[in-house]
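2 protein chains.
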Amino acid sequence: MNETQAVTALSALAHRHRLQIFRLLVVAGPTGVPAGEIAEAIGINPTALTFHLKELANADLATATREGRYVRYALHVDGMRRVIRYLTEDCCQGRKELCGLPTMRGRETCKPRAARERA
Amino acid sequence: MNETQAVTALSALAHRHRLQIFRLLVVAGPTGVPAGEIAEAIGINPTALTFHLKELANADLATATREGRYVRYALHVDGMRRVIRYLTEDCCQGRKELCGLPTMRGRETCKPRAARERA
DNA sequence: TGATTATTTCAATATTAGTTGAAATAATGA
DNA sequence: TCATTATTTCAACTAATATTGAAATAATCA
Chain A
1 MNETQAVTAL SALAHRHRLQ IFRLLVVAGP TGVPAGEIAE AIGINPTALT FHLKELANAD
61 LATATREGRY VRYALHVDGM RRVIRYLTED CCQGRKELCG LPTMRGRETC KPRAARERA
Chain B
1001 MNETQAVTAL SALAHRHRLQ IFRLLVVAGP TGVPAGEIAE AIGINPTALT FHLKELANAD
1061 LATATREGRY VRYALHVDGM RRVIRYLTED CCQGRKELCG LPTMRGRETC KPRAARERA
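Residue numbers (my numbering), protein chains in the order written: chain A, 1 to 119; chain B, 1001 to 1119.
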């Protein structure tokens, strides 16, 4: 993940409705949710919904799959993980006790990148 | 953390220079970095720097402490952790294998909130 | 095929966020 | 106190984002 991609992802999340949509997709998991159901849950009109879903998809945080006349949107898990990693990378120079950050798949998020890459 | 706070934090991060500043503070850890040093590292003018630092501080992602004529900015670790938690809460309905999310201080980020709170 | 439902596109408008330079405030040291 | 360095404030300007309604496209079903 590079800086531009990270800014795109964070911008996508930095909006009330898109954040609501994102969290809905996070909870829903890989099965996803049809657009119409999202619209109803969030309470916005179809034009706005399409606009916001596109922002999320463009930011690699969601995927779209057509199913007949519905389009089902799902969380793009890797996209989500990449942003978080980008934010927390190299934190506190690896002194985990200073930031209490989580571990990511067994590797310390908080370990300096160089050390992680040697491992 | 509520929705508004999360949007504020994500908006603060959703800018090239602020993201650079944030990551600088993440690496620096609790010691922080004087404003002037940040300006030099990022390469922006003092007015812009103040503007962006204020956004980060206002979003609870950074703190400012005056030290003589310098002002030292540091990462606000709890703020950072709260946004990440807000984003990943209740993911995949607790089926961690679906999202490969990190654990947060021993508690599964990916476990449903209700289950976490019972624990 | 024609009616219906779901989603997307387009263009106009409205809103919010970012940049700039000049001037103000804060602290230090000669 | 006066000169110097550090940071912040202010106001004008510029640029990027979001919202809206009407119309188009996609797919299903009678």
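All C-beta atoms, glycine included, are put in the ideal place defined by N, C-alpha and C.
Query raised in the report: Taking Cβ positions only, does His52(A) come closer than 8 Å to chain B?
Result: Taking the first residue of the first sequence as position 1, residue 52(A) is located at position 52. Chain B contact via Cβ: absent.
Query raised in the report: Since Arg1018(B) is in the alpha helix (DSSP H), which residue starts that stretch and which ends it?
Result: In the second sequence, residue 1018(B) corresponds to position 18, counting from 1. Note, Arg1018(B): alpha helix (DSSP H), Arg1016 to Ala1028.
Query raised in the report: Does any C-beta atom of chain B lie closer than 8 Å to the C-beta of Glu3(A)?
Result: The sequence position of residue 3(A) within the first sequence is 3, counting from 1. Glu3(A) counts as touching chain B.
Requested in this report: Name, in chain order, the residues that DSSP records as bridge partners for Ala1048(B).
Outcome: Locating residue 1048(B) in the second sequence gives position 48, where the first residue counts as 1. None; Ala1048(B) has no bridge partner.
Report task. Below 8 Å CB to CB, which residues in the same chain sit around His52(A) once its five sequence neighbours on both sides are set aside? Result -> On the first sequence, position 52 is the one that residue 52(A) refers to. Closer than 8 Å at Cβ, skipping near neighbours: His15, His17, Arg18, Ile21 and Ile44.
Query raised in the report: Just to confirm, are Ala1009(B) and Asp1060(B) a CB contact at a threshold of 8 Å?
Result: Translated into the one-based positions of the second sequence, residue 1009(B) becomes position 9. Translated into the one-based positions of the second sequence, residue 1060(B) becomes position 60. Contact: yes.
Query raised in the report: For the candidate residues Pro1030(B), Glu1003(B), Ser1011(B) and Leu1013(B), whose alpha-carbon lies nearest to that of Arg95(A)?
Result: Within the first sequence, numbered from 1, the residue matching residue 95(A) stands at position 95. Ranking the options by Cα distance to Arg95(A), first place goes to Pro1030(B).
Query raised in the report: Which value, in whole angstroms, describes the spacing of the CA atoms of Arg66(A) and Ser11(A)?
Result: Locating residue 66(A) in the first sequence gives position 66, counting from the first residue. Locating residue 11(A) in the first sequence gives position 11, counting from the first residue. The straight-line gap from Cα to Cα measures roughly 25 Å.
Query raised in the report: Any idea if Tyr1070(B) is buried or exposed, counting beta-carbon neighbours within 10 angstroms, 16 or more meaning buried?
Result: Residue 1070(B) sits at position 70 when you count from the first residue of the second sequence. Classification of Tyr1070(B): exposed, given that the 10 Å Cβ count is below 16.
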